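Numbering (this note's numbering), first residue to last: 383 to 781.
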């Protein structure tokens, strides 16, 4: 598929992180049947999206056997074909297929014996992909992404044992964390039980892959960020922050930051022991995505720590700005070699740009600032609420 034809969807596609193309072929009776029936390869979408569901769909697509999954695949194929060759007929066909898929999925969700099957979760994730490709689906995709997240949570951490289920789980961890952060909520993936699921999916089949230990460990660390962001926001918004609570939270953030820096040391050591990774190779793409995820995590965590620690704020902010500019440079480098990486990095670039845009606020002394909190006459140890709000707005977070 020509990536230029879905440029308008890139901001949505970026929410699906660290996906990989699939090198193996499934039985003809399953995945290939869908391709032959439609004269379109659904895995072509892997070149323009980082959604892990492609791996799961190709490995275990039971096309023609479970209506909700087959209908979901049909509607995505129909939408992709319409994007490639826009006609009224194909548009009508895409909409008709989507309506049918929604009906099938609803019937499966209404069935106590089917609603928690892995195939139903897969169908939900595939429908989220359809919404990403639909020019009128900006809000609808969020419902399916949120629905898939809810299904993952309701199935419970003991329900991800097969390769298919593990692939589906990893397919949605990025969107779950992103939505929790943007909605100002704790992420259920931060609990020990779900961290156990993360570790159970590790499969060292490549130096860097969505299921390699180094990447899974990074995702475990990332799962803590939405909750810490929520807790910092509560303290910043309070009129008289409790000093003990502030110190305890600052220690938790500091520990996470140390863990991220240790992760980076391990990552650099891993790369140093590996053969040279050439730009344009799959390993290069995966490395850019992984390092971009790391940079966005460190930027967010350093900002949160600076919000609570006035003595470290300027030093942390200077480092944060350096990392943000590093992210911009990485994107320029990746743009010359991989359009897929550029699509992925649109999200992490959003973190960098929001941080750079609000730099002056965070470097400004609390006692001389111009804003609502400065009218109280006393400088705050915690960052001024209006500064934090302005950063939140730039990131697109809810209050």
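Don't be surprised by glycine CBs; every beta carbon is placed ideally from N, CA and C. Note that the structure is predicted; figures quoted are calculated from it, not measured.
For residue 644, the first and last residue of its enclosing alpha helix (DSSP H): 625-654
Given residue 480 as reference, the closest of 468, 611, 459 and 494 once Cα atoms are compared: 459
DSSP-derived helix/strand/coil call for residue 433: Here the model assigns residue 433 a pLDDT of 39, short of 50, so the residue's position is not dependable, and the following value carries that caveat. DSSP places residue 433 in coil when its eight states are reduced to three.
Whole-angstrom distance between residue 589 and residue 655, CA atom to CA atom: 10 Å
Segment limits, alpha helix (DSSP H) that includes residue 447: Run containing residue 447: none; DSSP gives neither H nor E here.
DSSP-derived helix/strand/coil call for residue 764: coil
Rounded separation between residue 668 and residue 777 - CA only: 25 Å
Cβ contact check for the region 703-720 and the region 733-749: 3 or more pairs under 8 Å: yes
Bounding residues of the alpha helix (DSSP H) (the contiguous stretch that carries residue 589): Careful: residue 589 lies outside any alpha helix (DSSP H) and carries neither H nor E.
Three CB pairs or more closer than 8 Å across the region 594-601 and the region 619-637: no
Run of the alpha helix (DSSP H) containing residue 611, from where it starts to where it stops: 607-619
Chain-order list of residues whose beta-carbon lies under 6 Å from that of residue 763 (same chain, five-residue window excluded): 692
Sufficient close CB pairs (3 or more, under 8 Å) joining the region 639-650 to the region 576-586: no
Distance between beta carbons of residue 719 and residue 662, contact taken as under 8 Å: 5 Å
6 Å CB neighbourhood of residue 774 in its chain, flanking five on each side removed: none
Opening and closing residue of the alpha helix (DSSP H) in which residue 570 lies: First-last for residue 570: undefined, no H or E at that position.
Simplified DSSP state of residue 774, which is helix, strand or coil: helix
Closest by C-alpha distance to residue 731, when choosing among 657, 717 and 770: 717
CA-to-CA distance, residue 606 to residue 447, given in whole angstroms: 39 Å
Pick from 681, 608, 780 and 628 that is closest to residue 573, judged by C-alpha positions: 608
Residue 506 beta carbon less than 9 Å from that of residue 536: no
Proximity of residue 498 and residue 563 at Cβ, strictly below 9 Å: no
Residue 670 beta carbon less than 9 Å from that of residue 604: no
Supposed contact pair residue 531 and residue 554 - C-beta distance, whole angstroms, cut 8 Å: 6 Å
Inter-residue spacing [alpha-carbon to alpha-carbon] between residue 500 and residue 548: 10 Å
C-beta atoms of residue 451 and residue 534 nearer than 9 Å: no
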